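Sequential numbering from 281 applies to the sequence shown in the numbering used here. The C-beta atom is built at its ideal place from N, Cα and C for all residues, glycine as well. All values reported here derive from a predicted model rather than from experimental measurement. Working notes, beginning with the structure itself.
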Amino acid sequence: MYPNLPGTPAAIHFPPLYPLILAPLFRFLPTPAAGMAGRALGIVCFALACRLITRHAVRLQLLGEGVPAWVTEAVVAGTALAIPVLSILGVLLSEPLFTLAFAGALALVDRPKEQWSPRLAPGVGLLAAAALLLRSVGVAVAGGALIHAWRIGLNRRLAAALALPALLAGIAWGLWVLAHGGGIDPAIRPPYGSYLEIVHDAGLRTLAGSLADLPRPLSVLTLNWVPSRAVYYGLGIPALIVGLTGLVLLARRSALGWMLILYLAVLSLWPFPPDRFLWAILPWLALAWAAGAAGLWRSRVRSIQVPVAVLTALLAFGYVRYEAR
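Have a look at this one:
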């Protein structure tokens, strides 16, 4: 469970990079100090990731042309301070480092074809590989980067240089998992074995439930005040449509859209509650929703502006209420 600690039995549920980063802390520092240093490292990494994604979103105008920079900054800062996000920063989890690798890969990959170089492509690939070795869902980072490279017409040599580090990291990690799977006690094998075993053990019915459960954590943040189920669905379904619209718009403007689409696709097939996975990228998801709201507001259908504004205000009210409570 905690491979950074000495004497831990074989348990290969998590990728190895974060335990490798923690291991020196627990080797050279007392355990309380090591835990504090690990948490401080996570806070710094998440703050850097939010700053990086904010600058990147402002530079590329991911929310749409003409949207003031302060709107992007407010969206990222506001959601970065969400109570569930702060809760994962208070414990030793790999999400903050994963979020930084995600943001770094995005900042490098989002550029025109003529700005790509033989040095840039492997750099993107290494950050995507780091994301994969921090959290297995990081495969979405590599996949989104490759889709973006294909969309801009990147030549095969540079695309291969981008894909190779993540591919090698995935193969090496998979081979290690297969080689050490026999060391797990059969009584705990499903939760701690390979992810294929977990998915197989869960069955299709559980996977269908994962898709239906995906919007729940976000609705807890924004629709916690609704008085009835009718109001909940009356606001939740339009909010979901705005978010999906934002993902489509981001996919046209940036690799972020495809990375988020693949990330959510993995979670929709994951037999675990999606909460923790969503908190790690909550500022990114908020940007996608804001992009959808801004796009609908500026659409040719003028009659949609008032409903979008009202929906935004009600969701913001729910979020502020949640934070205050």
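Assignment of L372 by DSSP, reduced to helix, strand and coil, places it in the coil class.
Collapsing the DSSP output to three states places G346 in coil.
Closest option to A570, judged by alpha-carbon separation, among F326, A329, C325 and V338: V338.
By alpha-carbon distance to L498, the top candidate from M316, W350 and Y602 is Y602. Taking C-beta atoms as the reference points, L412 and V419 count as a pair closer than 8 angstroms. DSSP assignment within the stretch 511–590 yields the following whole alpha helix (DSSP H) runs of 4 residues or more, N-terminal first: 535–548, 555–559 and 562–577.
Contact check for P445 against L406 passes: the beta carbons are separated by less than 8 angstroms. Counting of Cβ neighbours within 10 angstroms places L540 among the buried residues, the total reaching 16 or more. In chain order, R319 place their CB closer than 7 angstroms to the CB of G370, counting only its own chain and leaving out the 5 sequence neighbours on each side. Below 8 angstroms, enough C-beta pairs join the stretch 363–383 and the stretch 329–344 to call them touching: three or more. In the DSSP annotation of this structure, W396 is not part of any alpha helix (DSSP H), being labelled neither H nor E. In the DSSP assignment, A317 falls within the alpha helix (DSSP H) that extends over T311 to L340. According to the DSSP assignment, I427 belongs to the alpha helix (DSSP H) that extends over V419 to R431. The alpha-carbon separation between P402 and L442 amounts to approximately 5 angstroms. Non-local C-beta neighbours of L530 in its own chain, meaning closer than 8 angstroms and more than five positions away in sequence, comprise L342, L536, G537, L540, L567, A568 and A571, ordered along the chain. In the three-state reduction of the DSSP assignment, P495 falls in the coil class, being assigned neither a helical nor a strand state. Classified as buried, P554 has 16 or more neighbouring CB atoms from the shown chains inside 10 Å of its CB. Per the coordinates, the alpha-carbon of K393 lies some 12 angstroms from the alpha-carbon of R436. DSSP, read as helix, strand or coil, puts L413 in helix.
Ranked by how close their Cα comes to the Cα of D390, the residues S367, V365 and A422 have A422 in first place.
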